[in-house]
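Undergrad: I'd like to ask you about the structure that follows.
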RNA sequence: CGGGGCGUAGCGCAGCCCGGUAGCGCGCCUGCUUUGGGAGCAGGAUGUCGGAGGUUCAAAUCCUCUCGCCCCGACCA
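In our numbering, the protein residues as written are 808 to 1380.
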C-alpha cells in the first residue's frame, strides 16, 4: 500500500485524552479515533492489526475443531429472562426497545443465543460434541470505559461455546481450548500467563484467565516462584497460618484512642504493629450486615466473601449503618460486644493473641483481646487477598505478584445454561440428558492493545511480526528518479514474495518519514537514500533493535524473508 | 454512583481570577529555497470559545442549568 492512498492520520503530539501507552500510540499512529466514550472507529491501520489477530484466532480455533458461525448482535429479552440474566446482568447490559415496545439488548456475550440454537437443533448424542465460535462486536455498558481499546463499551471478541454429552467430554473440550489459547497468544508474540480465575457473571465451576503481563494491567495476579501455581488475586487461595501465637493471654483492657481511626493512626497511637491489630469491616448484603475481621496489614477479598455468603451484591456499609450497628462512628468497630451481626474472621485473625480491635465506642479500642475468651461465635475462613511472600497453596514456593491484562478467559460452565434453557439430547439409552457446556472468550481488540503495552519504546509501537499491520515500511528518502524507481522495484518484488509493504511515497522530509515509521512500528524499515543507492546499497533496519544492515537491492527480498521468519531475534518475533 | 479535572482552530495549549468582541506552537494552503531523524523564509486560510438561558451598554471571561470527555475509586467475561 502507498501511504498517499491510505488514511493514516498520525499525530505529532500526544492527544490529551490518552494516558495509557497503547491508547496514546494507537491514536498517534492513526489506528483509532474515538466516537464516544469507549467507542472507537478502527482506521485502516488499526483494522489491519485486528484482522491479523482475528486470523490467528480463527486458524487456531479451526485447528482445535471449533466451527465458525455468526450470531446477531441484538437479542430479545425473552432469552435472557430464561436464564435470569435479564435482571442479573444489571446496568452493564445495553438495552433497547423496538417499535413494538419489545425489550432487546445488544449482546455482551452469547450463552443464551447459542444455547437457544443448540436446544433446537441438537437432539442426539450423535451430534455431540460441538464447539461453535464467532468473532463479533460486543457491547457492555461499562461503568467506566478507559484506556482506549483496553476497556471499551463496544469491542471485538471471539466467543466460543462447547457442548458435550458428559462432564468428561466437557473437560476435554476445555483442555482443547486452553491449549488453543496458549498457541494463539504465543503466536501473537505476547508474554502471557494462564491463571486460575473467578467465574463472575458467566458462572460455572472453574475457569482460567489468560493474562498478558504488563505494568499497566488492571488485574493483579499471584504466582509461585518455585512452580506452576498462578491465579488472579481475586481467586488466589491463602493457606491457614502455619503456626499460632503462643503468647500468654493478657487481661482485656479498653483504652482511649482519641481520633485514631485508621490502622496507621491506631498503631502509631498505641505503638503496636499492624500485625497485632484487627480491623473490623462491616459489609452490607441484600440479606444482612456482616462484620469481617481482617488483620491490620491484610486486605479483605470481596470475591471470597461473596462466595462464602452466597451473594452477588456486597458493599462496605455506609457510616450510618456502621454507627447503628456498632454504636460508634467509622473507625472504632470491633468484635467485642457486637450484637445481631454475623461475624466472620480471616484465618490469620483466628491464630492471633492479645490483639487490638475497635471498642464499639467513639475514641476507644480494646487491647489484649482474645478470640473465644472475649468474643465468640466467629466463623473462620480464607477472606483475605494473597500477599507477596505467602506460601503457595500448591506448596511450590512463595507467591509473587504481577499485573496483567485479561485477554482471554475459559470457563467450564457445566449445565448452568443448558438446564435453565432446556438444552437436552437423547443418550444411547434413550435417556434425556443435559448438554455440558463450556465457553471461551478472547478480547480481540484488547489483545491488539495489550500487544502495544508490551511492545513499544519512546518513539512508538514495535509490532510483533505476526500481528504487524505491515511487515516492511519502505522509505525512499528522495523523489529522484533513481530512488523512486528502486522503491517501485523493491515494492513489487516484496509484494510478489507475499510480504506486506507500506510504501511511504509522500514527498516528505526524511525526518518526518522516520518518525512516522517508528510510530507505526512495522518490524522492518527499508530505507532507500540517494547516496547509498549510488553505491548500490539500501538499508534494512530492525525496528526493535535499531540495527541497520546495508545490502544491495537484489538481496532484499531474500533477506527480508529470513528476517521475518520467527527465528530472527533482530525483529523480536 | 462518589471524588478530582477538562471542554477555546485538525492536534497541543494560553486567555477566564480582574468582562471591552480571540491568541500561541504544531499541522494545513501558495510560492521560493532546502532535502538522512519532525526544514527556512515570505504570504495565507481556519473558531456557533461544548450547548441553552440569564446578568450587562458589552460575556470565552460572571451566574444558573445542561451535555460531553478524562483521571481516581466503587463495579466488571
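By construction, the Cβ of each residue, glycine as well, lies at the ideal position given by its N, Cα and C atoms.
Here the structure is a predicted model, which means the values were calculated and not measured.
Helix, strand or coil for residue 1240? Go by DSSP, reduced to three states.
TA: Note: residue 1240 maps to strand in three-state DSSP.
Undergrad: Hey, out of 932, 912 and 922, whose CA is closest to residue 1400's CA?
TA: The first residue shown for the chain is 808 and the last is 1380, placing residue 1400 beyond what the model contains.
Undergrad: Would you kindly work out how many angstroms separate the C-alpha atoms of residue 1380 and residue 1158, rounded to a whole number?
TA: Model confidence at residue 1380 stands at a pLDDT of 46, short of 50, so the residue's coordinates are unreliable and nothing is read from them.
Undergrad: Let me know the secondary structure DSSP gives residue 1072 once reduced to three states.
TA: DSSP places residue 1072 in helix when its eight states are reduced to three.
Undergrad: Hey, is the stretch 1031-1046 in contact with the stretch 1068-1081, meaning 3+ C-beta pairs nearer than 8 Å?
TA: No: the two stretches stay apart, fewer than three of their Cβ pairs being nearer than 8 Å.
Undergrad: Ordered along the chain, which non-local residues of its own chain (more than five positions away) have a Cβ less than 7 Å from that of residue 1111?
TA: Around residue 1111: 1189 and 1190.
Undergrad: For the stretch 1259-1312, list the beta strand (DSSP E) runs that are entirely contained and at least 3 residues long, ordered along the chain.
TA: Within the stretch 1259-1312, the complete beta strand (DSSP E) runs of at least 3 residues are 1279-1283 and 1308-1310.
Undergrad: Using the rule of at least 16 other Cβ atoms within 10 Å of the residue's Cβ for burial, across every protein chain shown, is residue 945 buried or exposed?
TA: Classification for residue 945: buried.
Undergrad: Could you have a look at residue 1344 and say whether DSSP puts it in helix, strand or coil?
TA: It is coil, neither helix nor strand.
Undergrad: If you count every other CB in all the chains shown that lies within 10 Å of the CB of residue 1213, and 16 or more means buried, which is it?
TA: With 16 or more other Cβ atoms within 10 Å, it is buried.
Undergrad: Since I believe residue 1161 is in contact with residue 1181 (beta carbons under 8 Å), could you give me their beta-carbon distance rounded to a whole number of angstroms?
TA: The pair is not a contact, with the Cβ atoms about 10 Å apart (cut-off 8 Å).
Undergrad: Measure from the alpha carbon of residue 890 to the alpha carbon of each residue in 922, 913 and 879, then state which is nearest.
TA: Residue 922 is the option with its Cα nearest to residue 890.
Undergrad: What are the residues that DSSP puts in a beta bridge with residue 1029?
TA: Paired residues: 1038 and 1208.
Undergrad: According to DSSP, which residues form a beta bridge with residue 943?
TA: 964, per the DSSP bridge assignment.
Undergrad: Which value, in whole angstroms, describes the spacing of the CA atoms of residue 1330 and residue 997?
TA: For residue 1330 and residue 997, the distance between alpha carbons rounds to 15 Å.
Undergrad: Pick helix, strand or coil for residue 992, following the three-state DSSP scheme.
TA: Of the three classes helix, strand and coil, the one that applies to residue 992 here is helix, per DSSP.
Undergrad: Rounded to whole angstroms, what's the CA-CA distance from residue 1115 to residue 1347? Just pull it up for me.
TA: Roughly 60 Å between the two C-alpha positions.
Undergrad: Out of 928, 1251, 1032 and 1339, which has the shortest C-alpha to C-alpha gap to residue 1206?
TA: For residue 1206, the nearest C-alpha among the options comes from 1032.
Undergrad: Answer with buried or exposed for residue 1369, where buried requires no fewer than 16 other C-beta atoms within 10 angstroms of its C-beta.
TA: The residue in question, residue 1369, is exposed, as its Cβ has fewer than 16 Cβ neighbours within 10 Å.
Undergrad: Between which residues of its own chain and residue 1359 is the CB-CB distance below 8 Å, once the five residues before and five after are set aside?
TA: Hits under 8 Å: 1343, 1344 and 1345.
Undergrad: With a 10 Å radius around its C-beta and 16 neighbouring C-beta atoms as the bar for buried, classify residue 941 as buried or exposed.
TA: Classification of residue 941: buried, given that the 10 Å Cβ count is 16 or more.
Undergrad: Buried or exposed for residue 1220, going by 16 or more other Cβ atoms inside 10 Å?
TA: Buried, since its Cβ has 16 or more Cβ neighbours within 10 Å.
Undergrad: Candidates 869, 1100, 1025 and 924: which alpha carbon is nearest residue 1164's?
TA: The residue with the shortest Cα to Cα distance from residue 1164 is 1100.
Undergrad: The ligand HEM and residue 1348: does any heavy atom of the ligand fall closer than 7 Å to the residue's C-beta?
TA: Looking for the ligand HEM in the displayed structure turns up nothing, as the structure carries no ligands at all.
Undergrad: Given this structure, state the Cα-to-Cα distance separating residue 1013 from residue 978, to the nearest angstrom.
TA: Approximately 11 Å between the Cα atoms of the pair.
Undergrad: Per DSSP, residue 1188 is paired with what?
TA: Answer is 1153, bridged to residue 1188.
Undergrad: Out of curiosity, what's the CA-to-CA distance linking residue 1019 and residue 1289?
TA: Taking the straight line joining both Cα atoms gives about 46 Å.
Undergrad: Taking DSSP as the reference, what is the three-state secondary structure of residue 1084?
TA: Three-state result, residue 1084: strand.
Undergrad: Which one of 1108, 1095 and 1011 has the shortest CA to CA distance from residue 1042?
TA: Here the closest residue by C-alpha is 1108.
Undergrad: Just how far apart, CA to CA, sit residue 961 and residue 1239?
TA: Cα to Cα, the separation comes out at about 39 Å.
Undergrad: Could you work out which residue in 849, 1195, 815 and 995 is closest to residue 1272 when comparing CA atoms only?
TA: It is 995.
Undergrad: Under 8 Å, do residue 868 and residue 1310 count as touching if we go by C-beta distance?
TA: The answer is no: Cβ separation not under 8 Å.
Undergrad: Excluding the 5 residues preceding and the 5 following residue 1138 in the sequence, name in chain order all residues of the same chain whose CB lies nearer than 6 Å to its CB.
TA: Contacts found: 1068.
Undergrad: Out of 892, 1199 and 885, point me to the one whose CA is closest to residue 909's CA.
TA: For residue 909, the nearest C-alpha among the options comes from 885.
Undergrad: Would a C-beta distance cut-off of 8 Å place residue 817 and residue 1326 closer than the cut-off?
TA: Yes, the pair counts as a contact, with Cβ atoms nearer than the cut-off.
Undergrad: Helix, strand or coil: how does DSSP classify residue 1181 here?
TA: It is coil, neither helix nor strand.
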